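Residue numbers (the numbering used here): 11 to 98.
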């Protein structure tokens, strides 16, 4: 039995295919935020028994609404990644 939710940052891939994500999760659904300048990219994926959809994408984050485990409705999962900023 594998994970139901997977978050990967800095995949270093310009695009992610369904076939690629399928090597990590069985029957996956996913959202992908490609690289933005020097900041890495984000893969947010989930598999059965979860169902869901990407509900928000911004410059450094991606969010999905997921349901399937929780009897009182869905939850929101957000993955965040941003560039390193040197301390002043």
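Backbone N, C-alpha and C fix where the C-beta goes; we use that ideal spot for every residue, glycine too. Treat the numbers as computed from the prediction; the structure is a model and nothing was measured.
query, result
"Extent of the continuous beta strand (DSSP E) run through residue 64", "61-67"
"Bounding residues of the beta strand (DSSP E) (the contiguous stretch that carries residue 18)", "15-19"
"Min CB distance residue 26 to chain B below 8 angstroms", "Note that chain B does not occur in the displayed structure, where there is just one protein chain."
"Contacting residues, own chain, Cβ-Cβ under 7 angstroms from residue 18 (five flanking each side not counted)", "53"
"N-terminal and C-terminal residue of the beta strand (DSSP E) that residue 95 is part of", "Neither: residue 95 is in no beta strand (DSSP E) and is coded neither H nor E."
"Stretch-stretch touch, CB-based, cutoff 8 angstroms, three pairs: the segment 80-88 with the segment 33-44", "no"
"Where residue 12 falls, given that 16 or more other Cβ within 10 Å makes a residue buried", "exposed"
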